[in-house]
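In the working numbering, the protein residues as written are 473 to 981. For glycine and all other residues, C-beta sits at the position ideal for the given N, C-alpha and C.
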Amino acid sequence: MIDLIPSVDSLAVLAVLYVFFVVITVRRFIGNRQHKPLLPPGPVPLPILGNVLSIDTKQPWLTYTEWHATYGDLFFVRILDQKVVVINSQRVARALLHNRSRIYSDRPYLATVEPFGWMFNFLFAGYNDAWRLSRRLFHQTFHAESALKFRPMQIRRAHEMIVNLISDSRHYDSHFATFSSSVVISAVYGYESSAQDDPLVGLFAHSMQLGIPWLTPERAIMIKTFPFLLKLPDWCPGSSIKCDARISTNSINEMVDVPFQYVQRRMADNSLLDTPSMVAENLQRVEKQDKAFKSMFETALKNTAATAVGGGYETTTGMLMVFVLAMVLYPDVQKRAQAEIDSVIGRDRLPAFEDKKSLPYVDAVVRETYQWMPIAPLDYPIGIPHATSSEDTYDGYYIPKDDQWAKCRTSGAIVMCNLWAISHDEKRYPDACHFIPERFIDINGALTDDDPVQYIFGLGRRICPGRYIADASMWSAIVTMLSTVDISSAKDDQGKAVDFTPKFATGIT
């Protein structure tokens, strides 16, 4: 019969082994704690909710800027189960997003991108070969030297915008959107839009208005948490979201296909030979390629072209709205800029890009427009955060890898660059909340080396690829407005200025 009761010696051996196991486990735990860097500092999170209750969800950049004073240039927050690393200085942004761009160039998963038709847009794409191809196509047309060829067209479009403003000042925002869209549509497709009510410009505007509201983090989290909302039958309450997704996708597909087919038709009848455009130039490059490569290339080109127009529509329009607000609130700035234009150019002609170096104060006004109210306060071009593709350590702090495209949970971190904190650093920009272009002018009347363009369009490999043409559009529109019209508050029936409180819309810009 087998004795199932262990002997005293056996119990002693088991006890020794158990103690040895506990000691080794504790030592490993302590060793890991000692050698593994800590996460960046930040506010203490609540269980499950994290720091979400402490953040202004409509203007989170303001909360992050307040925390900057307590936790420094780099801090860590938790929003529900999402780990977020926030960058609050240009120095750290350059060190991570630029110098270590291989790690910080990915994108987090947004649950609304695919169902609402935004898979074409490479701004949301992960850091992969498809993104690199789209980026290369974009860069070939819009890098610094190549973008110069579009300047005559940009000036011409600015003149058309002024005619629209003078004839119908009430709908100035619509005229800005037409200007922004027509510039990029011309550069991308070689399409000469009409000054008003152009059908292709209207198609892009309509598609953007349908789809953009669903790209906010709040709505993306809702769809990620409750994916069944996209599968409800039409008769069920809540099915309107599925309907909105279908309408948005159909409209965006049309937006992507129609202008591309326009270029193909015009190339077939040789009517685009003298019009420089991104699509035509690239299609000519692959005419003799094999069918498989040509098909793959054309798909990437078509998606990249639509991405370019979508990005230009939303951002340049918003920045011009900020400029108009500044001119209403700071009339002395407008008068000084107009005086500079009159003294340098006179009133017999309108400004051109050749006059740019002779108009430093106008350039300072453009810079201050970027600095004063960044339209994408949490990273550019449209507030999309970065995601880490591997673990990293910076300044002694541990930054975890993002488990990108994990549709249920995210174990790693997304990285947000708080451009608002950078542009409102009181040490760098005293009275940053006031519109003061003089901050960019030195004692000799020349422009300083501090140009918000160096950070306001983002940093690293995800920097806005259209920044050169966007900056040129801003300058051409602003200098043309300053030289032709006075911008002021609306007047009531008695001729008194109408009081108003500026309100910014929430969203990705």
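Name, in chain order, the residues that DSSP records as bridge partners for residue i.
{"i": "K555", "result": "R550, A885"}
{"i": "T747", "result": "Answer is none; T747 lacks a bridge partner."}
{"i": "N890", "result": "L850"}
{"i": "D706", "result": "D706 is not bridged to any residue."}
{"i": "D578", "result": "A859"}
{"i": "L518", "result": "G522"}
{"i": "A969", "result": "K963"}
{"i": "T865", "result": "Y870"}
{"i": "L510", "result": "Y869"}
{"i": "I913", "result": "L919"}
Whose C-alpha, out of the options, is nearest the C-alpha of residue i?
{"i": "A602", "options": "D814, K774, I908", "result": "K774"}
{"i": "R550", "options": "H540, S955, V524", "result": "V524"}
{"i": "H643", "options": "M625, Q668, P624, I908", "result": "Q668"}
{"i": "A630", "options": "P902, P857, H647", "result": "H647"}
{"i": "G514", "options": "K530, D553, V557, W533", "result": "V557"}
{"i": "F929", "options": "I894, R900, T537, A949", "result": "I894"}
{"i": "S652", "options": "D640, S639, D670, N600", "result": "D670"}
{"i": "E910", "options": "E840, Y940, E863", "result": "E840"}
{"i": "K828", "options": "Q966, L919, A780, P803", "result": "L919"}
{"i": "T650", "options": "G790, A977, P924", "result": "G790"}
{"i": "S618", "options": "A885, W686, H858, E753", "result": "E753"}
{"i": "C936", "options": "T779, M845, C708, F972", "result": "T779"}
{"i": "P849", "options": "F594, T537, A567, I634", "result": "T537"}
{"i": "G818", "options": "L954, F596, S665, F976", "result": "L954"}
{"i": "P587", "options": "Y785, L687, G782", "result": "L687"}
{"i": "R579", "options": "L569, I695, G598", "result": "G598"}
{"i": "S665", "options": "M694, I684, M633", "result": "M633"}
Taking residue i as part of the alpha helix (DSSP H), name the residues at either end of that continuous run.
{"i": "T982", "result": "Since the first residue shown for the chain is 473 and the last is 981, residue 982 is missing from the structure and cannot be characterised."}
{"i": "I684", "result": "Taken as a continuous stretch (DSSP letters only), I684 belongs to no alpha helix (DSSP H), as it is neither H nor E."}
{"i": "D835", "result": "832-844"}
{"i": "Y661", "result": "644-661"}
{"i": "D716", "result": "712-740"}
{"i": "L919", "result": "No alpha helix (DSSP H) contains L919, which DSSP labels as neither H nor E."}
{"i": "I627", "result": "623-639"}
{"i": "Y543", "result": "532-543"}
{"i": "F698", "result": "Unbroken run through F698: none, as it is neither H nor E."}
{"i": "V985", "result": "With the chain running from 473 to 981 in the structure shown, residue 985 is simply not present."}
{"i": "R604", "result": "601-614"}
Would you report the Cα separation of residue i and residue j, rounded to the nearest angstrom?
{"i": "Q876", "j": "A692", "result": "Any reading at Q876 must be qualified, since the residue scores a pLDDT of 47, below 50, and its modelled position is unreliable; the value itself is stated next. Each residue's Cα considered, the two are about 14 Å apart."}
{"i": "P872", "j": "D706", "result": "42 Å"}
{"i": "P974", "j": "F765", "result": "51 Å"}
{"i": "D463", "j": "V728", "result": "For the chain, the structure presents residues 473 to 981; residue 463 sits outside this window and is missing."}
{"i": "I908", "j": "Q806", "result": "11 Å"}
{"i": "W590", "j": "Q612", "result": "23 Å"}
{"i": "N916", "j": "P832", "result": "11 Å"}
{"i": "A517", "j": "A809", "result": "Reading off the sequence, residue 517 comes out as Pro, not Ala. If you take the alpha carbons of P517 and A809, they lie about 48 Å apart."}
{"i": "P699", "j": "T747", "result": "46 Å"}
{"i": "M750", "j": "E759", "result": "15 Å"}
{"i": "F795", "j": "L755", "result": "37 Å"}
{"i": "D965", "j": "V957", "result": "22 Å"}
{"i": "A859", "j": "D820", "result": "52 Å"}
{"i": "Y802", "j": "H906", "result": "9 Å"}
{"i": "V635", "j": "I813", "result": "19 Å"}
{"i": "P846", "j": "D741", "result": "44 Å"}
{"i": "F501", "j": "E863", "result": "Low confidence applies to F501: its pLDDT is 47, below 50, so where it sits in the model is not reliable, and the reading given next is rough at best. Cα to Cα, the separation comes out at about 20 Å."}
Can you name, in chain order, every residue of its own chain whose Cβ lies under 7 Å from the Cβ of residue i, other than the five neighbours on each side?
{"i": "H678", "result": "S723"}
{"i": "K530", "result": "T978"}
{"i": "A878", "result": "Note that A878 has pLDDT 47, beneath the 50 cutoff, so the model's placement of it is unreliable and the number below is only indicative. Correct list, in chain order: Y581."}
{"i": "L637", "result": "Y644, H647, V957"}
{"i": "R933", "result": "S573, S577"}
{"i": "L682", "result": "I719, S720, S723"}
Among the residues of its own chain, which have a CB less than 6 Å from the CB of residue i, if the five just before and after it don't count?
{"i": "P512", "result": "L546, F547, F548, Y869"}
{"i": "M799", "result": "Q806, I959"}
{"i": "I555", "result": "At residue 555 the sequence reads Lys, which differs from the Ile that was named. Counting only Cβ-Cβ distances below 6 Å, and skipping sequence neighbours, we find A885."}
{"i": "E770", "result": "none"}
{"i": "D971", "result": "none"}
{"i": "W844", "result": "F907"}
{"i": "I713", "result": "L701"}
{"i": "A565", "result": "I559, C889, L931"}
The beta strand (DSSP E) with residue i in it runs from where to where?
{"i": "Y869", "result": "869-871"}
{"i": "T779", "result": "Not the beta strand (DSSP E): T779 falls in the alpha helix (DSSP H), residues 763-801."}
Would residue i count as contacting chain C if we go by Cβ distances under 8 Å?
{"i": "G662", "result": "Looking at the structure shown, chain C is missing, and only one protein chain is on hand."}
Report all residues from its chain with a CB closer than 8 Å to the CB of residue i; omit the five preceding and five following residues, and keep chain order.
{"i": "I913", "result": "P832, Y833, A836, L919, T920"}
{"i": "E726", "result": "L675, S679"}
{"i": "A969", "result": "S960, S961, A962, K963"}
{"i": "D535", "result": "One point to set straight first is that residue 535 is Thr, not Asp, in the sequence displayed. S526, I527, D528."}
{"i": "T952", "result": "I627, A630, H631, M633, I634, L822, P823"}
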